Amino acid sequence: MMEEKYDDTFLARWLADDLNAEEKLRFENSAEYHDYLQIIESADQLEAPSFDKQATLKSIQQKQQVTASKTRKLNTSWIYAAAAVVLLFVGFSYMYFTSGETVETGFGNQQTVLLPDGSEAILNAKSSLTFTKNSWDTNRTVSLKGEAYFKVKKGEKFTVTTTSGTVEVLGTQFNVLSADGIFEVKCHAGKVQVASKTQKTALLTQGNAFSLIEGKTASWNFDVNNLTWREGESNFREMPIKHVITALEDQYQVQFITENINISERFTGTFSHKNLKLALRTVFVPMEISYTFKDGKTIILKKAK
Numbered sequence: 590m591m592e593e594k595y596d597d598t599f600l601a602r603w604l605a606d607d608l609n610a611e612e613k614l615r616f617e618n619s620a621e622y623h624d625y626l627q628i629i630e631s632a633d634q635l636e637a638p639s640f641d642k643q644a645t646l647k648s649i650q651q652k653q654q655v656t657a658s659k660t661r662k663l664n665t666s667w668i669y670a671a672a673a674v675v676l677l678f679v680g681f682s683y684m685y686f687t688s689g690e691t692v693e694t695g696f697g698n699q700q701t702v703l704l705p706d707g708s709e710a711i712l713n714a715k716s717s718l719t720f721t722k723n724s725w726d727t728n729r730t731v732s733l734k735g736e737a738y739f740k741v742k743k744g745e746k747f748t749v750t751t752t753s754g755t756v757e758v759l760g761t762q763f764n765v766l767s768a769d770g771i772f773e774v775k776c777h778a779g780k781v782q783v784a785s786k787t788q789k790t791a792l793l794t795q796g797n798a799f800s801l802i803e804g805k806t807a808s809w810n811f812d813v814n815n816l817t818w819r820e821g822e823s824n825f826r827e828m829p830i831k832h833v834i835t836a837l838e839d840q841y842q843v844q845f846i847t848e849n850i851n852i853s854e855r856f857t858g859t860f861s862h863k864n865l866k867l868a869l870r871t872v873f874v875p876m877e878i879s880y881t882f883k884d885g886k887t888i889i890l891k892k893a894k
């Protein structure tokens, strides 16, 4: 969490719109301002246990009445501001205990993420994984964008959520790809329960695979001993060439310009992560697509004549 530079009185004055122009400008230009603003904007959505704004206001008003003979009466805006300060710090606590930790990979990079229970997630290039440490004991859930291979320790249900579907296991090893409308799951050990956004479900065992591509599902078997992206070789089965192009961009940090080619055409095969020219030849020659280097990082693709 951020360092606290502003006390309750200052925050109450801010919430009551009682700061002078100089104070307001200095606060709005501070590093902390947007954090406080985020808390206030999301305060109504908090589900912090047993916090009641109206009860808090009533309590403040009652205490004020008891001491009315000794102190001047607080105006309404200050009463609400005081309650809002309480809510503000409840919000900080809520965000601290529910905020997720995100790990991202760059072009051509892989990264192993050690999860709180000792499970592992190996991220492929240009992928991200988000999880919450503080609730891990009761909620082993991660959110994935891109591709990752998971080695899950036995225990409570382990869930991978993506924009295209979810994967649930107890203890197993599996690969999940979720990018550009592609959802693919491969089970390398144990059992995996898959549920896609189309409500299609599948129970996978070792060597089983499931995919959802452009609204169509497919199931097949694969050799768990084949090389994978973790060993420097990407594998594809009936994959739209547009996704293969994206995978090449992610691994080699290049950009493709496509001309008169059908980017929905399917590709089955592999490419190496170690040699760009070899990878280009492996993918595009069988598909009769020519490739020309415009510069060191830009490649033009055309349908071969």
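Here our numbering is used: the first residue of the sequence shown is 590, the next is one more, and so on.
Just so it is clear, CB atoms sit at the ideal spot from N, CA and C, and this is done for glycine as well.
Computed from a prediction, not measured in an experiment: that's the story for all the values here.
With respect to Ile834, Lys892 sits apart: the two C-beta atoms are not nearer than 8 Å. When DSSP states are grouped into helix, strand and coil, Gln762 belongs to the strand group.
Between the alpha carbons of Leu801 and Ser785 lies a distance of about 7 Å. Taking the C-beta atoms as reference points, Glu803 is found no nearer than 8 Å to Gly754.
Taken through DSSP and simplified to helix, strand or coil, Glu822 comes out as strand. Distances from the CA of Ala778 to each of Tyr625, Phe696, Glu611, Asn764 were compared; the closest alpha carbon is that of Asn764. For Asp884, the pairing in a beta bridge is given by DSSP as Thr887.
Positions of the beta strand (DSSP E) runs, each at least 3 residues long and wholly inside the region 710 to 790, are given as 717 to 720, 729 to 740, 747 to 750, 754 to 758, 762 to 768, 771 to 778, 780 to 785 in order along the chain. Between the region 722 to 732 and the region 866 to 885 there are fewer than three inter-stretch CB-CB distances shorter than 8 Å, so the stretches are not counted as touching. When only Cα atoms are considered, Ser732 and Glu611 end up about 43 Å apart.
Of the other Cβ atoms in all chains shown, fewer than 16 fall within 10 Å of the Cβ of Ile889; this residue is therefore exposed. Using a 10 angstroms sphere on the CB of Asn609, the tally of other CB atoms stays under 16, which defines it as exposed. Gln844 places its beta carbon less than 8 Å from that of Lys886.
Glu822 and Ala836 have their C-alpha atoms roughly 11 Å apart. Looking at the DSSP output, Pro829 shares a beta bridge with Arg855. Per DSSP, reduced to three states, the secondary structure at Gln795 is coil, with no helix or strand assignment.
With fewer than 16 other CB atoms across the displayed protein chains lying within 10 angstroms of its CB, Trp809 is exposed. Taking the Cα positions, Phe825 is about 6 Å away from Thr859.
Here Lys775 has Phe763, Asn764, Ala798, Phe811 as same chain residues with Cβ atoms under 7 Å from its own Cβ, once five neighbours each way along the sequence are excluded. Separation of the CB atoms of Thr694 and Ser716 is rounded to 5 Å, and the pair is thereby assigned contact status at 8 Å. Val756 is positioned such that its CB atom lies no closer than 8 Å to that of Val741. Comparing alpha-carbon positions, the option among Phe747, Thr719, His832, Leu614 lying closest to Glu854 turns out to be His832. With 16 or more other CB atoms across the displayed protein chains lying within 10 angstroms of its CB, Glu773 is buried. Beyond the five residues adjoining it in sequence on each side, Phe882 comes within less than 7 Å, by CB distance, of Ile888 in the same chain, given in chain order.
Per the coordinates, the alpha-carbon of Lys789 lies some 54 Å from the alpha-carbon of Phe599. A residue is called buried when at least 16 other Cβ atoms come within 10 angstroms of its Cβ; Leu816 does not meet this threshold and is exposed. As the crow flies, the alpha-carbon of Ala601 is around 29 Å from that of Gly689.
Taking the Cα positions, Trp818 is about 21 Å away from Leu704. Counting along the chain, the unbroken alpha helix (DSSP H) around Glu611 starts and ends at 610 to 617. For Ala836, the three-state secondary structure derived from DSSP is helix.
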